[in-house]
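In full-length UniProt numbering, the protein residues as written are 1 to 567.
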(Lines of atoms letter the chains of each structure in order from A; the text may use other names.)
(Lines give C-alpha, C1' and ligand atoms only; values in the text may rest on other atoms or scores of the structure.)
Protein backbone atom coordinates (compact mmCIF):
# COMPACT_ATOMS: atom_id res chain seq x y z
CA UNK A 1 0.00 0.00 0.00
CA UNK A 2 1.45 3.35 -1.00
CA UNK A 3 0.62 6.34 1.19
CA UNK A 4 1.65 9.93 0.59
CA UNK A 5 2.66 11.96 3.64
CA UNK A 6 3.01 15.71 3.34
CA UNK A 7 6.40 16.96 4.47
CA UNK A 8 7.14 20.52 5.63
CA UNK A 9 7.58 22.94 2.71
CA UNK A 10 11.20 23.97 2.21
CA UNK A 11 10.38 27.65 2.78
CA UNK A 12 7.08 27.39 4.67
CA UNK A 13 5.36 28.44 1.48
CA UNK A 14 1.61 28.13 1.48
CA UNK A 15 1.56 26.70 -2.00
CA UNK A 16 4.46 24.27 -2.27
CA UNK A 17 4.61 20.88 -0.60
CA UNK A 18 6.84 17.89 -0.90
CA UNK A 19 5.65 14.30 -0.91
CA UNK A 20 7.37 11.32 0.58
CA UNK A 21 6.39 7.71 0.48
CA UNK A 22 7.24 6.81 4.04
CA UNK A 23 7.75 3.21 4.89
CA UNK A 24 9.09 0.88 7.49
CA UNK A 25 8.49 -2.66 8.58
CA UNK A 26 7.04 -2.60 12.05
CA UNK A 27 5.75 -5.47 14.12
CA UNK A 28 5.31 -5.45 17.86
CA UNK A 29 3.83 -7.92 20.30
CA UNK A 30 3.25 -7.22 23.97
CA UNK A 31 5.98 -8.62 26.23
CA UNK A 32 7.81 -10.15 23.29
CA UNK A 33 11.34 -9.93 22.02
CA UNK A 34 11.29 -8.89 18.37
CA UNK A 35 13.64 -9.90 15.62
CA UNK A 36 15.90 -7.36 13.96
CA UNK A 37 14.20 -5.65 11.04
CA UNK A 38 15.80 -4.97 7.72
CA UNK A 39 15.92 -1.28 6.79
CA UNK A 40 14.33 -0.27 3.53
CA UNK A 41 14.74 2.68 1.25
CA UNK A 42 12.57 5.63 2.20
CA UNK A 43 11.03 5.34 -1.25
CA UNK A 44 9.61 1.90 -0.50
CA UNK A 45 5.84 1.60 -0.65
CA UNK A 46 4.80 -0.51 2.37
CA UNK A 47 3.34 1.33 5.36
CA UNK A 48 2.80 -0.29 8.74
CA UNK A 49 1.44 1.09 11.97
CA UNK A 50 2.79 1.00 15.52
CA UNK A 51 1.84 -1.29 17.13
CA UNK A 52 1.67 -3.86 14.33
CA UNK A 53 -1.29 -5.81 15.71
CA UNK A 54 -4.61 -5.91 13.94
CA UNK A 55 -7.65 -4.33 15.61
CA UNK A 56 -8.94 -7.65 16.95
CA UNK A 57 -5.60 -8.45 18.62
CA UNK A 58 -5.35 -4.97 20.13
CA UNK A 59 -8.92 -5.09 21.45
CA UNK A 60 -8.29 -8.52 22.95
CA UNK A 61 -5.09 -7.36 24.67
CA UNK A 62 -6.77 -4.20 25.99
CA UNK A 63 -9.85 -6.06 27.26
CA UNK A 64 -7.68 -8.50 29.21
CA UNK A 65 -5.69 -5.62 30.68
CA UNK A 66 -8.85 -3.72 31.67
CA UNK A 67 -10.13 -6.88 33.35
CA UNK A 68 -6.86 -7.30 35.26
CA UNK A 69 -7.02 -3.70 36.49
CA UNK A 70 -10.73 -3.66 37.41
CA UNK A 71 -12.26 -3.63 40.88
CA UNK A 72 -15.28 -5.48 42.21
CA UNK A 73 -15.20 -3.70 45.55
CA UNK A 74 -15.43 -0.01 44.57
CA UNK A 75 -18.50 1.66 46.11
CA UNK A 76 -20.54 4.54 44.74
CA UNK A 77 -22.01 6.88 47.36
CA UNK A 78 -22.69 10.23 45.67
CA UNK A 79 -25.67 11.99 44.17
CA UNK A 80 -26.36 14.09 41.10
CA UNK A 81 -24.05 14.64 38.12
CA UNK A 82 -20.30 15.13 37.96
CA UNK A 83 -18.21 16.17 34.95
CA UNK A 84 -14.79 14.84 33.93
CA UNK A 85 -12.82 17.51 32.07
CA UNK A 86 -10.64 15.37 29.82
CA UNK A 87 -7.26 16.98 29.11
CA UNK A 88 -3.96 15.16 28.61
CA UNK A 89 -5.39 12.00 30.16
CA UNK A 90 -7.01 10.23 27.21
CA UNK A 91 -7.44 6.89 28.95
CA UNK A 92 -9.75 4.87 31.19
CA UNK A 93 -7.20 2.75 33.04
CA UNK A 94 -5.65 4.40 36.13
CA UNK A 95 -7.71 7.55 35.66
CA UNK A 96 -8.28 8.96 39.14
CA UNK A 97 -10.36 11.91 37.93
CA UNK A 98 -12.79 9.50 36.26
CA UNK A 99 -12.88 7.28 39.36
CA UNK A 100 -13.58 10.13 41.78
CA UNK A 101 -16.29 11.51 39.50
CA UNK A 102 -17.97 8.08 39.48
CA UNK A 103 -17.74 7.64 43.26
CA UNK A 104 -19.21 11.10 43.98
CA UNK A 105 -22.22 11.01 41.65
CA UNK A 106 -25.05 9.05 40.09
CA UNK A 107 -24.11 10.05 36.52
CA UNK A 108 -20.77 11.02 34.93
CA UNK A 109 -20.27 13.28 31.90
CA UNK A 110 -16.79 13.10 30.31
CA UNK A 111 -16.05 16.22 28.19
CA UNK A 112 -13.21 17.08 25.80
CA UNK A 113 -12.89 20.72 24.73
CA UNK A 114 -11.36 21.71 21.37
CA UNK A 115 -9.78 24.92 22.66
CA UNK A 116 -9.25 27.56 19.92
CA UNK A 117 -6.04 28.66 21.68
CA UNK A 118 -4.50 25.38 20.56
CA UNK A 119 -4.59 26.74 17.02
CA UNK A 120 -2.25 29.65 17.77
CA UNK A 121 1.42 29.76 16.82
CA UNK A 122 4.39 29.10 19.12
CA UNK A 123 5.32 31.90 21.51
CA UNK A 124 8.60 33.35 20.22
CA UNK A 125 9.03 32.33 16.60
CA UNK A 126 5.49 31.81 15.30
CA UNK A 127 5.72 28.19 14.16
CA UNK A 128 2.37 26.57 13.57
CA UNK A 129 1.43 24.24 16.38
CA UNK A 130 0.31 20.79 15.31
CA UNK A 131 -3.05 21.37 16.94
CA UNK A 132 -3.82 23.79 14.07
CA UNK A 133 -4.46 20.78 11.88
CA UNK A 134 -6.67 19.33 14.62
CA UNK A 135 -9.03 22.20 13.87
CA UNK A 136 -9.05 21.31 10.17
CA UNK A 137 -9.50 17.61 10.89
CA UNK A 138 -12.35 18.14 13.33
CA UNK A 139 -13.93 20.55 10.86
CA UNK A 140 -13.71 18.02 8.02
CA UNK A 141 -11.21 20.24 6.16
CA UNK A 142 -8.19 17.92 6.05
CA UNK A 143 -7.32 18.99 2.50
CA UNK A 144 -6.77 22.56 3.76
CA UNK A 145 -4.32 21.33 6.36
CA UNK A 146 -2.25 19.76 3.61
CA UNK A 147 -2.67 22.71 1.25
CA UNK A 148 -1.38 25.24 3.76
CA UNK A 149 1.50 23.11 4.99
CA UNK A 150 0.11 22.30 8.43
CA UNK A 151 1.34 19.13 10.10
CA UNK A 152 -1.43 16.59 10.67
CA UNK A 153 0.62 13.90 12.41
CA UNK A 154 -0.03 14.76 16.06
CA UNK A 155 -3.55 15.96 15.24
CA UNK A 156 -4.27 12.59 13.67
CA UNK A 157 -2.78 10.81 16.66
CA UNK A 158 -4.93 12.81 19.11
CA UNK A 159 -8.07 12.16 17.06
CA UNK A 160 -7.34 8.44 17.18
CA UNK A 161 -6.84 8.77 20.94
CA UNK A 162 -10.21 10.48 21.27
CA UNK A 163 -11.96 7.87 19.13
CA UNK A 164 -10.43 5.08 21.21
CA UNK A 165 -11.32 6.80 24.49
CA UNK A 166 -14.91 7.18 23.31
CA UNK A 167 -15.01 3.47 22.42
CA UNK A 168 -13.57 2.38 25.78
CA UNK A 169 -15.89 4.67 27.74
CA UNK A 170 -18.88 3.25 25.87
CA UNK A 171 -17.73 -0.26 26.82
CA UNK A 172 -18.06 0.88 30.44
CA UNK A 173 -21.47 2.46 29.96
CA UNK A 174 -20.39 6.09 29.38
CA UNK A 175 -19.62 8.29 26.35
CA UNK A 176 -17.41 11.26 25.44
CA UNK A 177 -18.87 14.69 24.72
CA UNK A 178 -16.84 16.69 22.16
CA UNK A 179 -17.25 20.47 22.44
CA UNK A 180 -15.64 23.31 20.46
CA UNK A 181 -14.62 26.32 22.56
CA UNK A 182 -12.71 27.44 25.62
CA UNK A 183 -13.05 25.24 28.72
CA UNK A 184 -13.83 28.30 30.88
CA UNK A 185 -16.89 28.93 28.66
CA UNK A 186 -17.99 25.34 28.06
CA UNK A 187 -17.63 23.81 31.53
CA UNK A 188 -19.66 26.41 33.48
CA UNK A 189 -22.36 26.19 30.81
CA UNK A 190 -22.49 22.40 31.11
CA UNK A 191 -22.56 22.44 34.92
CA UNK A 192 -25.56 24.76 34.76
CA UNK A 193 -27.35 22.73 32.07
CA UNK A 194 -26.85 19.39 33.85
CA UNK A 195 -26.78 20.65 37.44
CA UNK A 196 -23.32 19.14 37.88
CA UNK A 197 -21.90 19.67 41.36
CA UNK A 198 -18.20 19.03 40.56
CA UNK A 199 -15.81 19.18 37.62
CA UNK A 200 -12.94 16.72 38.02
CA UNK A 201 -9.69 17.07 36.05
CA UNK A 202 -6.03 16.18 36.20
CA UNK A 203 -3.79 19.09 37.16
CA UNK A 204 -1.16 20.55 34.83
CA UNK A 205 2.00 22.52 35.72
CA UNK A 206 2.90 25.04 32.98
CA UNK A 207 1.66 28.63 32.85
CA UNK A 208 -0.79 28.45 29.93
CA UNK A 209 -2.53 25.38 31.35
CA UNK A 210 -2.58 26.87 34.87
CA UNK A 211 -4.20 30.04 33.53
CA UNK A 212 -6.98 27.96 31.95
CA UNK A 213 -7.51 26.17 35.28
CA UNK A 214 -7.89 29.51 37.07
CA UNK A 215 -10.33 30.75 34.42
CA UNK A 216 -12.44 27.61 34.73
CA UNK A 217 -12.57 27.98 38.51
CA UNK A 218 -13.70 31.62 38.16
CA UNK A 219 -16.37 30.62 35.65
CA UNK A 220 -17.74 27.91 37.93
CA UNK A 221 -18.06 30.38 40.82
CA UNK A 222 -20.53 32.35 38.71
CA UNK A 223 -22.88 29.34 38.42
CA UNK A 224 -25.56 28.95 41.09
CA UNK A 225 -27.00 25.48 41.72
CA UNK A 226 -30.06 24.59 43.76
CA UNK A 227 -29.78 22.50 46.95
CA UNK A 228 -31.20 19.49 45.08
CA UNK A 229 -28.25 19.60 42.65
CA UNK A 230 -25.59 18.89 45.27
CA UNK A 231 -23.88 15.57 45.86
CA UNK A 232 -25.24 15.18 49.36
CA UNK A 233 -28.77 14.84 50.72
CA UNK A 234 -27.75 17.16 53.58
CA UNK A 235 -27.29 20.16 51.27
CA UNK A 236 -29.83 22.87 52.14
CA UNK A 237 -28.62 25.99 50.36
CA UNK A 238 -27.65 27.17 46.93
CA UNK A 239 -24.02 26.67 45.95
CA UNK A 240 -21.60 26.78 43.03
CA UNK A 241 -20.01 23.76 41.35
CA UNK A 242 -16.43 22.98 42.36
CA UNK A 243 -13.33 22.35 40.28
CA UNK A 244 -11.41 19.46 41.83
CA UNK A 245 -7.91 19.06 40.37
CA UNK A 246 -6.10 15.76 40.84
CA UNK A 247 -2.40 14.98 40.46
CA UNK A 248 -2.09 12.05 38.09
CA UNK A 249 0.55 12.55 35.40
CA UNK A 250 3.70 11.21 37.05
CA UNK A 251 5.07 7.98 38.46
CA UNK A 252 5.83 9.65 41.82
CA UNK A 253 2.91 11.54 43.32
CA UNK A 254 3.75 15.16 44.11
CA UNK A 255 2.63 14.71 47.73
CA UNK A 256 4.91 11.69 48.22
CA UNK A 257 8.21 13.37 47.32
CA UNK A 258 10.69 13.31 50.24
CA UNK A 259 11.34 17.03 49.72
CA UNK A 260 9.46 20.10 48.56
CA UNK A 261 9.48 20.88 44.85
CA UNK A 262 11.30 24.11 45.65
CA UNK A 263 14.13 21.98 47.08
CA UNK A 264 14.19 19.58 44.12
CA UNK A 265 17.80 18.33 43.83
CA UNK A 266 19.84 17.92 40.67
CA UNK A 267 19.83 14.14 41.12
CA UNK A 268 17.15 12.33 39.11
CA UNK A 269 16.58 9.30 41.30
CA UNK A 270 15.10 9.45 44.79
CA UNK A 271 13.66 7.05 47.34
CA UNK A 272 9.94 7.51 47.00
CA UNK A 273 6.77 5.48 47.36
CA UNK A 274 4.92 4.67 44.15
CA UNK A 275 1.17 4.53 44.51
CA UNK A 276 -0.78 1.71 42.90
CA UNK A 277 -2.99 2.12 39.85
CA UNK A 278 -6.58 3.22 40.39
CA UNK A 279 -8.90 0.23 39.86
CA UNK A 280 -12.21 1.20 38.26
CA UNK A 281 -15.39 -0.90 38.31
CA UNK A 282 -16.38 -2.73 35.15
CA UNK A 283 -19.37 -0.41 34.65
CA UNK A 284 -19.27 3.38 35.06
CA UNK A 285 -22.69 4.23 33.69
CA UNK A 286 -25.11 5.65 33.23
CA UNK A 287 -24.21 8.99 31.63
CA UNK A 288 -26.67 11.89 31.70
CA UNK A 289 -28.98 12.27 28.72
CA UNK A 290 -27.23 14.15 25.88
CA UNK A 291 -28.79 14.92 22.50
CA UNK A 292 -25.58 15.39 20.52
CA UNK A 293 -22.29 13.90 21.73
CA UNK A 294 -20.28 15.43 18.89
CA UNK A 295 -18.47 13.69 16.05
CA UNK A 296 -14.91 12.43 15.93
CA UNK A 297 -14.02 12.25 12.22
CA UNK A 298 -12.24 9.40 10.52
CA UNK A 299 -8.70 10.21 9.45
CA UNK A 300 -6.26 9.39 6.69
CA UNK A 301 -4.10 6.38 7.55
CA UNK A 302 -0.40 6.03 6.97
CA UNK A 303 1.23 7.39 10.13
CA UNK A 304 3.52 5.22 12.18
CA UNK A 305 1.84 5.50 15.59
CA UNK A 306 -1.76 4.50 16.19
CA UNK A 307 -3.37 6.73 18.79
CA UNK A 308 -5.39 5.51 21.72
CA UNK A 309 -5.26 3.53 24.96
CA UNK A 310 -5.99 0.25 23.16
CA UNK A 311 -2.90 0.65 20.97
CA UNK A 312 -0.79 1.73 23.96
CA UNK A 313 -1.73 -1.41 25.92
CA UNK A 314 -0.62 -3.53 22.94
CA UNK A 315 2.93 -2.19 22.88
CA UNK A 316 5.92 -3.39 24.89
CA UNK A 317 9.57 -4.36 24.48
CA UNK A 318 10.79 -4.63 28.05
CA UNK A 319 13.25 -7.47 27.58
CA UNK A 320 15.55 -5.73 25.10
CA UNK A 321 15.09 -2.04 25.94
CA UNK A 322 18.56 -1.43 27.39
CA UNK A 323 20.23 -2.73 24.24
CA UNK A 324 18.02 -0.68 21.92
CA UNK A 325 17.44 2.62 23.78
CA UNK A 326 20.20 4.40 21.82
CA UNK A 327 19.21 2.99 18.43
CA UNK A 328 17.91 5.15 15.59
CA UNK A 329 16.31 2.89 12.97
CA UNK A 330 13.75 0.13 12.93
CA UNK A 331 10.72 -0.92 14.95
CA UNK A 332 12.50 -2.20 18.04
CA UNK A 333 14.67 0.67 19.25
CA UNK A 334 13.29 2.13 22.51
CA UNK A 335 9.88 1.34 23.98
CA UNK A 336 8.24 4.19 22.04
CA UNK A 337 5.76 4.65 24.89
CA UNK A 338 6.23 8.42 24.81
CA UNK A 339 3.43 9.45 22.39
CA UNK A 340 0.89 7.61 24.53
CA UNK A 341 2.37 8.98 27.76
CA UNK A 342 2.24 12.53 26.36
CA UNK A 343 -1.42 12.22 25.38
CA UNK A 344 -2.29 10.53 28.67
CA UNK A 345 -3.38 7.35 26.89
CA UNK A 346 -0.93 5.50 29.11
CA UNK A 347 -0.31 5.96 32.82
CA UNK A 348 3.29 5.86 34.15
CA UNK A 349 2.00 3.96 37.18
CA UNK A 350 0.53 1.33 34.86
CA UNK A 351 3.91 0.90 33.17
CA UNK A 352 5.51 0.54 36.61
CA UNK A 353 3.07 -2.16 37.67
CA UNK A 354 3.52 -4.00 34.36
CA UNK A 355 7.31 -3.84 34.76
CA UNK A 356 7.02 -5.35 38.24
CA UNK A 357 4.64 -8.02 36.96
CA UNK A 358 7.09 -8.82 34.15
CA UNK A 359 9.98 -9.07 36.60
CA UNK A 360 7.98 -11.39 38.86
CA UNK A 361 6.75 -13.65 36.05
CA UNK A 362 9.96 -13.66 33.98
CA UNK A 363 13.04 -11.80 35.19
CA UNK A 364 14.35 -8.46 36.35
CA UNK A 365 17.03 -7.14 34.01
CA UNK A 366 18.85 -4.01 32.94
CA UNK A 367 16.05 -3.19 30.51
CA UNK A 368 13.35 -3.07 33.18
CA UNK A 369 15.59 -0.83 35.28
CA UNK A 370 16.14 1.59 32.39
CA UNK A 371 12.43 1.77 31.54
CA UNK A 372 11.71 2.93 35.09
CA UNK A 373 14.71 5.26 35.05
CA UNK A 374 13.34 7.03 31.97
CA UNK A 375 9.94 7.39 33.68
CA UNK A 376 11.70 9.05 36.62
CA UNK A 377 13.41 11.45 34.17
CA UNK A 378 9.97 12.32 32.84
CA UNK A 379 8.75 12.98 36.39
CA UNK A 380 11.81 15.09 37.06
CA UNK A 381 11.10 17.51 34.22
CA UNK A 382 7.48 17.80 35.35
CA UNK A 383 8.63 18.77 38.85
CA UNK A 384 11.28 21.10 37.38
CA UNK A 385 8.47 22.98 35.61
CA UNK A 386 6.87 23.64 39.00
CA UNK A 387 10.15 24.67 40.62
CA UNK A 388 11.33 27.08 37.91
CA UNK A 389 8.06 28.17 36.29
CA UNK A 390 8.29 30.21 33.09
CA UNK A 391 12.09 30.50 33.27
CA UNK A 392 12.04 27.10 31.56
CA UNK A 393 10.97 28.95 28.40
CA UNK A 394 13.33 31.95 28.71
CA UNK A 395 16.55 32.37 26.74
CA UNK A 396 18.80 32.08 29.79
CA UNK A 397 16.86 29.13 31.19
CA UNK A 398 16.41 28.35 34.87
CA UNK A 399 20.00 29.41 35.66
CA UNK A 400 19.64 32.72 33.76
CA UNK A 401 22.76 32.02 31.71
CA UNK A 402 23.97 35.01 29.69
CA UNK A 403 25.15 33.82 26.31
CA UNK A 404 25.02 35.28 22.81
CA UNK A 405 22.84 33.33 20.39
CA UNK A 406 21.74 34.30 16.91
CA UNK A 407 18.50 33.71 15.04
CA UNK A 408 19.66 33.34 11.43
CA UNK A 409 16.43 32.22 9.74
CA UNK A 410 18.03 30.83 6.57
CA UNK A 411 20.57 28.83 8.53
CA UNK A 412 17.82 27.56 10.83
CA UNK A 413 15.77 26.43 7.83
CA UNK A 414 18.63 24.19 6.66
CA UNK A 415 18.47 22.44 10.05
CA UNK A 416 14.68 22.35 10.11
CA UNK A 417 14.41 20.90 6.59
CA UNK A 418 17.31 18.47 6.90
CA UNK A 419 19.61 20.22 4.43
CA UNK A 420 22.72 20.91 6.54
CA UNK A 421 25.12 18.76 4.52
CA UNK A 422 25.62 16.42 7.49
CA UNK A 423 23.72 13.18 6.71
CA UNK A 424 23.20 12.17 10.35
CA UNK A 425 21.58 15.51 11.21
CA UNK A 426 19.59 15.64 7.96
CA UNK A 427 18.24 12.10 8.33
CA UNK A 428 17.00 12.74 11.86
CA UNK A 429 15.29 16.00 10.88
CA UNK A 430 13.60 14.39 7.87
CA UNK A 431 12.38 11.57 10.10
CA UNK A 432 10.91 14.12 12.52
CA UNK A 433 9.02 15.91 9.75
CA UNK A 434 7.72 12.72 8.18
CA UNK A 435 6.81 10.70 11.26
CA UNK A 436 6.57 13.08 14.22
CA UNK A 437 9.17 11.01 16.04
CA UNK A 438 12.94 10.97 16.53
CA UNK A 439 15.11 8.64 18.55
CA UNK A 440 16.53 9.62 21.91
CA UNK A 441 20.02 9.63 20.41
CA UNK A 442 18.89 11.65 17.40
CA UNK A 443 17.42 14.37 19.61
CA UNK A 444 20.70 14.75 21.43
CA UNK A 445 22.62 14.99 18.16
CA UNK A 446 20.44 17.57 16.41
CA UNK A 447 20.20 19.71 19.56
CA UNK A 448 23.97 19.77 19.96
CA UNK A 449 24.44 20.63 16.29
CA UNK A 450 21.94 23.50 16.39
CA UNK A 451 23.21 25.16 19.55
CA UNK A 452 26.94 24.26 19.44
CA UNK A 453 27.90 24.09 15.77
CA UNK A 454 25.35 26.59 14.42
CA UNK A 455 25.15 28.80 17.51
CA UNK A 456 21.41 29.27 17.00
CA UNK A 457 18.97 30.24 19.76
CA UNK A 458 17.94 26.96 21.38
CA UNK A 459 14.33 28.14 21.67
CA UNK A 460 13.97 27.95 17.88
CA UNK A 461 14.79 24.25 18.07
CA UNK A 462 12.50 23.73 21.05
CA UNK A 463 9.58 25.42 19.30
CA UNK A 464 10.18 23.41 16.13
CA UNK A 465 10.03 20.24 18.20
CA UNK A 466 6.82 21.59 19.76
CA UNK A 467 5.43 21.87 16.25
CA UNK A 468 6.43 18.41 15.05
CA UNK A 469 6.66 15.89 17.87
CA UNK A 470 3.92 13.35 18.46
CA UNK A 471 5.11 13.02 22.05
CA UNK A 472 5.35 16.75 22.74
CA UNK A 473 4.70 17.95 26.25
CA UNK A 474 6.10 21.28 27.45
CA UNK A 475 7.87 19.94 30.54
CA UNK A 476 9.92 17.24 28.82
CA UNK A 477 10.52 19.22 25.64
CA UNK A 478 11.74 22.46 27.20
CA UNK A 479 13.40 20.67 30.10
CA UNK A 480 15.47 18.62 27.67
CA UNK A 481 16.32 21.59 25.45
CA UNK A 482 17.50 23.73 28.36
CA UNK A 483 19.53 20.76 29.54
CA UNK A 484 21.10 20.23 26.11
CA UNK A 485 21.72 23.95 25.52
CA UNK A 486 23.54 24.34 28.84
CA UNK A 487 21.01 26.74 30.38
CA UNK A 488 19.13 24.21 32.51
CA UNK A 489 19.73 23.25 36.09
CA UNK A 490 22.74 21.11 35.12
CA UNK A 491 25.97 23.08 35.51
CA UNK A 492 27.85 21.55 32.54
CA UNK A 493 27.21 24.13 29.84
CA UNK A 494 29.23 22.87 26.87
CA UNK A 495 27.53 19.55 26.19
CA UNK A 496 28.93 18.71 22.74
CA UNK A 497 28.12 15.76 20.47
CA UNK A 498 30.66 15.05 17.75
CA UNK A 499 28.79 14.22 14.53
CA UNK A 500 31.56 11.95 13.15
CA UNK A 501 31.87 10.02 16.42
CA UNK A 502 28.10 9.64 16.79
CA UNK A 503 27.82 8.40 13.19
CA UNK A 504 30.59 5.86 13.70
CA UNK A 505 29.13 4.58 16.95
CA UNK A 506 25.38 4.53 16.28
CA UNK A 507 25.05 4.28 12.49
CA UNK A 508 28.30 2.62 11.35
CA UNK A 509 26.82 1.17 8.15
CA UNK A 510 24.81 4.28 7.30
CA UNK A 511 21.51 2.40 7.40
CA UNK A 512 19.65 5.22 9.14
CA UNK A 513 20.92 7.99 6.85
CA UNK A 514 20.31 5.90 3.72
CA UNK A 515 16.74 5.24 4.83
CA UNK A 516 15.85 8.91 5.27
CA UNK A 517 18.22 10.41 2.67
CA UNK A 518 17.77 7.89 -0.16
CA UNK A 519 20.31 9.56 -2.49
CA UNK A 520 22.97 8.17 -0.13
CA UNK A 521 21.78 4.58 -0.56
CA UNK A 522 23.95 3.79 -3.63
CA UNK A 523 27.13 4.84 -1.80
CA UNK A 524 29.34 2.28 -0.03
CA UNK A 525 28.22 1.84 3.58
CA UNK A 526 31.34 3.48 4.98
CA UNK A 527 30.74 6.57 2.80
CA UNK A 528 27.08 7.21 3.61
CA UNK A 529 27.78 9.31 6.70
CA UNK A 530 30.88 10.82 5.10
CA UNK A 531 29.90 11.34 1.43
CA UNK A 532 32.11 14.35 0.69
CA UNK A 533 31.22 15.98 -2.62
CA UNK A 534 28.65 13.26 -3.34
CA UNK A 535 26.23 15.14 -1.05
CA UNK A 536 25.11 18.74 -0.56
CA UNK A 537 27.53 21.33 0.80
CA UNK A 538 27.92 21.61 4.56
CA UNK A 539 26.37 24.83 5.84
CA UNK A 540 28.74 25.33 8.80
CA UNK A 541 32.01 23.77 9.93
CA UNK A 542 31.91 21.56 13.00
CA UNK A 543 33.05 23.10 16.25
CA UNK A 544 35.28 20.09 16.89
CA UNK A 545 36.49 17.77 14.14
CA UNK A 546 35.75 17.55 10.45
CA UNK A 547 33.55 15.07 8.67
CA UNK A 548 35.60 15.53 5.51
CA UNK A 549 38.65 13.74 6.91
CA UNK A 550 39.01 9.98 6.79
CA UNK A 551 36.58 8.64 9.33
CA UNK A 552 39.19 6.51 11.11
CA UNK A 553 40.69 9.75 12.49
CA UNK A 554 37.47 10.98 14.04
CA UNK A 555 37.28 9.02 17.26
CA UNK A 556 39.35 11.67 19.08
CA UNK A 557 36.49 14.15 18.74
CA UNK A 558 34.30 12.67 21.44
CA UNK A 559 31.64 14.56 23.35
CA UNK A 560 30.22 14.16 26.81
CA UNK A 561 27.06 12.15 27.10
CA UNK A 562 23.82 14.03 27.66
CA UNK A 563 20.44 12.88 28.79
CA UNK A 564 18.67 14.96 26.15
CA UNK A 565 15.99 13.15 24.26
CA UNK A 566 12.62 11.63 24.71
CA UNK A 567 12.21 10.47 28.27
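Each residue gets a CB set at the ideal place from its N, CA and C atoms; glycine is no exception. These figures come from a predicted structure and were not determined experimentally.
- Taking a 10 Å sphere around the C-beta of residue 517, we find 16 or more other C-beta atoms and assign the residue as buried.
- When DSSP states are grouped into helix, strand and coil, residue 311 belongs to the helix group.
- Membership of residue 483 in the alpha helix (DSSP H) is indicated by the continuous run 474–485.
- Sequence-distant partners of residue 350 (beyond 5 residues in either direction) whose C-beta falls short of 8 Å from its own C-beta, in its chain, are 69, 93, 94 and 277.
- The three-state reading of DSSP puts residue 305 in strand, counting E and B together.
- Within its own chain, the residues whose Cβ lies closer than 7 Å to the Cβ of residue 464, once the five positions on either side in sequence are excluded, are 127 and 416, listed in chain order.
- The three-state secondary structure of residue 345, taken from DSSP, is coil.
- 7 Å or more divides the Cβ of residue 223 from the Cβ of residue 238.
- Between residue 84 and residue 101, the C-beta spacing is below 7 Å.
- In the structure shown, residue 206 falls within a coil segment according to DSSP collapsed to helix, strand and coil.
- If you draw a straight line from the Cα of residue 457 to the Cα of residue 393, it is about 12 Å long.
- Secondary structure at residue 56: helix, using DSSP grouped into helix, strand and coil.
- Judged by their CB atoms, residue 261 and residue 386 are nearer to each other than the 7 Å cut-off.
- Of the candidates 67, 250, 187 and 217, the residue whose Cα lies closest to the Cα of residue 384 is 250.
- Under the three-state reduction of DSSP output, residue 253 falls in the coil class, being neither helix nor strand.
- Beyond the five residues adjoining it in sequence on each side, residue 375 comes within less than 6 Å, by CB distance, of 251 and 348 in the same chain, given in chain order.
- According to the DSSP assignment, residue 107 belongs to no alpha helix (DSSP H) but to the beta strand (DSSP E) extending over 107–114.
- Looking at 389, 113, 469 and 360, the one whose alpha-carbon comes closest to that of residue 157 is 469.
- Listed in chain order, the non-local C-beta contacts of residue 217 below 7 Å within the same chain comprise 243, local neighbours out to five positions each way being set aside.
- Under a 10 Å Cβ-count criterion, residue 453 is classified as buried, with 16 or more other Cβ atoms of the shown protein chains found around its own Cβ.
- A contact is defined here as three or more CB-CB pairs under 8 Å, and the region 398–415 fails this definition with respect to the region 497–511.
- With a cutoff of 7 Å on beta-carbon distance, residue 344 and residue 91 are scored as near each other.
- Following the DSSP letters along the chain, one finds residue 244 inside the beta strand (DSSP E) bounded by residues 242–246.
- Boundaries of the alpha helix (DSSP H) harbouring residue 512: 511–516, taken from the DSSP string.
- A direct Cα-Cα distance of roughly 43 Å separates residue 379 from residue 524.
- The beta carbon of residue 107 lies closer than 7 Å to those of 81, 286, 287 and 288 in the same chain, with the five residues before and after it left out.
- In this structure, 353 is the residue among 382, 353 and 381 with its C-alpha nearest to the C-alpha of residue 369.
- When DSSP reads this structure, residue 50 sits in a beta bridge with 305.
- Comparing alpha-carbon positions, the option among 381, 528, 367 and 490 lying closest to residue 426 turns out to be 528.
- In the three-state reduction of the DSSP assignment, residue 82 falls in the strand class, which pools E and B.
- Counted as a single uninterrupted DSSP element, the stretch harbouring residue 523 is not any alpha helix (DSSP H), since DSSP gives it neither H nor E.
- Linking residue 485 to residue 172 through their CA atoms gives a straight-line distance of about 46 Å.
- For residue 177, the secondary structure class from DSSP, reduced to helix, strand or coil, is strand.
- Beta-carbon to beta-carbon, residue 519 and residue 314 are separated by about 36 Å, too far to satisfy the 8 Å threshold.
- Burial is judged here by how many other beta carbons sit within 10 angstroms of a residue's own beta carbon; residue 258 has fewer than 16 and is exposed.
- Residue environment analysis places residue 466 among the buried positions, since at least 16 neighbouring C-beta atoms fall within 10 angstroms of its C-beta.
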